[in-house]
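Number of protein chains: 2
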Amino acid sequence: MSLDKLITRIDALKNPSVAGLDPKLEYIPHFIREESFLKYGHTLEAAADAIFSFNRALIDALYDVVPAIKPQAAYYEMYGWAGVRTMEKTIRYAQEKGMYVITDGKRNDIGATMTAYAAAHLGKSDVDGIELEAFGADALTVNGFLGTDGITPLLEVCEKFDKGIFVLVKTSNPSSGELQDQKIGNKTVYEVMGEMCEHWGELQRGQYGYSAVGAVVGATYPEQLTELRKKMPHTMFLVPGYGAQGGGAKGIAGAFDINGRGAIVNSSRAIMCAWKKEEGCVETAFAEAARREAIRMRDDITSYL
Amino acid sequence: MSLDKLITRIDALKNPSVAGLDPKLEYIPHFIREESFLKYGHTLEAAADAIFSFNRALIDALYDVVPAIKPQAAYYEMYGWAGVRTMEKTIRYAQEKGMYVITDGKRNDIGATMTAYAAAHLGKSDVDGIELEAFGADALTVNGFLGTDGITPLLEVCEKFDKGIFVLVKTSNPSSGELQDQKIGNKTVYEVMGEMCEHWGELQRGQYGYSAVGAVVGATYPEQLTELRKKMPHTMFLVPGYGAQGGGAKGIAGAFDINGRGAIVNSSRAIMCAWKKEEGCVETAFAEAARREAIRMRDDITSYL
């Protein structure tokens, strides 16, 4: 329908940021890991168990400060089906606490297959006439390389279940320009993709003017952020690359509209690993350290709005 | 290292085709579904259980005719973590039978995250010093929209574990041209992506001249297949869109080199649902029907080589 549910939560907490939960095992304090190894040995199940304990504690510490989490599917898949089960449990736990959940899966495929991805991550799957939720996130990141018929099935699910998507437009990585900055006529590939996002979202705009179709635009390219904000007035931005990847709060300011809306900034490692960076922090205080970093980030970003 | 393992298997069976296992519940005979519903009720676990029974029987019927399977991740994810566990079990079962497994996930992300995807699907994940395999496929489909640093981690895993990747170049869906056919200078986007594939594979070429980096090029665009075969002499093609999507064997012939190598053609629905199409076929004969369709497809494709 739109991204209003997310925007309302951002407004309520006065915090346009999202905690990326990309939990490598090495980010997790030893005492949590050891507890899981005792239970399950040195297995993928143990890793998945440790990650859920870690995520749950982070969510408990963050839910009244940070409006959303963004689990990155890769870091769950790397621990097999048990890791994927932890992703599902994390999504449900965060939603129970009132958080908005963006699954970062960058999924893409032809229409029939995108229907399956849309059911998997945002909608429901039919089991002999009974509709069941598989992962049930609120939004999903997707890659638009296949064009409109790879996006249409998602739009249907967004409409039916009030969900959203974020399409890759300009990514935060060093080599994103190899294809994305190339010129098609007088427009870059990322501008062409941006125009598609505006078009795809046309029929699902919410009360703040933003549609159900958002865009991923990296914090590491501030000029493009500002440029695209003007060209994509109905497309909310999910902005990765703040902090660890080198994007600063000042550069990000251009992603927001005059009302301070229109973007949500992700931080993963800085929040998850705050306990490792904070001077004198004992590992049992990892969640409080994450909360302090989330508050610091909120204040940093909002100081420029 | 290369795709030689796949090519050797294709040569041995004289069959350049792959069975796509994209098992929607409705493709599965009733007696299999009912057995799973009896065990697990109408749940995602039941769906996942039925799919594994179906896949196992198909693999048993196909492994000495078809060199490879291609599970499509979306159809497993739509049944949650249990579905994903079935994908893992399917991969292992097919490999035990000597089949080559291409996980169709079209994964893509920035470098650090692609390292996690590469570990998840092709390599191993570190659990406190112990290296464990999560999904362990032989090859993975990926989307190159993020450029070189989203591909590099995969190349490392290909080198280390003798695996392969297939990068989306020209997809089989109707709207693939919206971005892929656009011109960058005097080249199309898909040609630019094709050149990147040739470049990424440069250091990992096998005895047949093909590298570890393959390309996805749809059967529905025969001219592009022929054109790209010439321009990408070291890149093996994974060709979806045969049959159900409208691509014919004659049009596909251009994807192959003069030795009849260089491509592998996918068929999903036609094989999985052969029992529904074949006149007089009882549902308990679904696996034999799949085998007959796989043989028909093999003979159809090879008749043009």
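Chains as they are written, first to last, in our numbering: chain Z, 1235 to 1539; chain E, 1235 to 1539.
Yeah, the Cβ is synthetic: ideal placement off N, Cα and C, and Gly gets one too.
The Cβ-Cβ distance between residue 1468(Z) and residue 1425(Z) does not fall below 7 Å. The way I'd put it, the region 1403-1415 of chain E doesn't touch the region 1241-1251 of chain E; fewer than three beta-carbon pairs between them come closer than 8 Å. Between residue 1269(E) and residue 1489(Z), the alpha-carbon positions lie close to 54 Å from each other. Between residue 1237(Z) and residue 1496(Z), the C-beta spacing is not below 7 Å. Residue 1451(E) and residue 1279(E) have their C-alpha atoms spaced approximately 34 Å apart. Under the Cβ criterion of 7 Å, residue 1520(Z) is not counted among the residues facing chain E. For residue 1264(Z), the nearest beta carbon of chain E is not closer than 7 Å to its own beta carbon. For residue 1305(Z), the enclosing beta strand (DSSP E) begins and ends at 1302-1305.
If one requires a minimum length of 3 residues, the beta strand (DSSP E) runs lying completely within the region 1431-1462 of chain E are 1447-1451, in chain order. Separation of the CB atoms of residue 1287(E) and residue 1266(E) is rounded to 5 Å, and the pair is thereby assigned contact status at 8 Å. A distance below 7 Å between beta-carbons, with the five flanking residues on each side excluded, links residue 1283(Z) to the following residues of its chain, in chain order: 1270, 1273, 1274. Residue 1375(E) is outside the set of residues whose beta carbon lies under 7 Å from a beta carbon in chain Z.
Residue 1359(E) is classed as buried because its beta carbon has at least 16 other beta carbons within 10 Å across all chains shown.
The region 1375-1406 of chain E is shown to contain whole alpha helix (DSSP H) runs of 4 or more residues at 1386-1395, in chain order.
A check of alpha carbon separations from residue 1261(E) across 1509(E), 1312(E), 1538(E), 1532(E) identifies 1509(E) as the nearest. Excluding the 5 residues flanking it on each side, residue 1310(Z) has same chain C-beta neighbours closer than 7 Å at 1317, 1318, 1320, 1321, in chain order. Unbroken alpha helix (DSSP H) stretches of 4 residues or longer found wholly inside the region 1302-1336 of chain E: 1307-1311, 1314-1330, given in chain order. Within the region 1337-1352 of chain E, contact with chain Z at the beta-carbon level (separation under 7 Å) is assigned to 1340, 1342, 1343, 1344, 1345, 1347, 1350, 1351. Near chain E, meaning a CB-to-CB distance below 8 Å, the residues of the region 1371-1403 of chain Z are 1377, 1378, 1379, 1380, 1381, 1382, 1383, 1384, 1402. Counting along the chain, residue 1497(Z) sits inside the beta strand (DSSP E) bounded by residues 1497-1501. Distance from the CA atom of residue 1535(Z) to the CA atom of residue 1378(E), rounded to whole angstroms, is 31 Å. No Cβ of chain E is located within less than 7 Å of the beta carbon of residue 1329(Z). For the set 1458(Z), 1481(Z), 1370(Z), the Cα lying nearest the Cα of residue 1323(Z) is the one of 1370(Z). C-alpha of residue 1474(E) to C-alpha of residue 1328(E): approximately 20 Å in a straight line. For residue 1314(Z) against residue 1353(E), the beta-carbon gap comes to about 11 Å, at or over 8 Å, which does not count as contact. Assignment of residue 1366(Z) by DSSP, reduced to helix, strand and coil, places it in the strand class. For the region 1253-1278 of chain Z, the residues whose beta carbon sits under 8 Å from a beta carbon of chain E are, in order, 1256, 1258, 1259, 1267, 1271, 1276, 1277, 1278. According to the DSSP assignment, residue 1271(E) belongs to the alpha helix (DSSP H) that extends over 1264-1274.
1306, 1307, 1308, 1309, 1310, 1311, 1312, 1313, 1314, 1315, 1316, 1317, 1318, 1319, 1320, 1321: these are the residues of the region 1295-1321 of chain Z whose beta carbon lies less than 9 Å from some beta carbon of chain E, given in chain order. Here residue 1465(E) is exposed, its C-beta having fewer than 16 other C-beta atoms within 10 Å. When Cβ pairs closer than 8 Å are counted between the two stretches, the region 1373-1392 of chain E is seen to touch the region 1428-1447 of chain E, the count reaching three or more.
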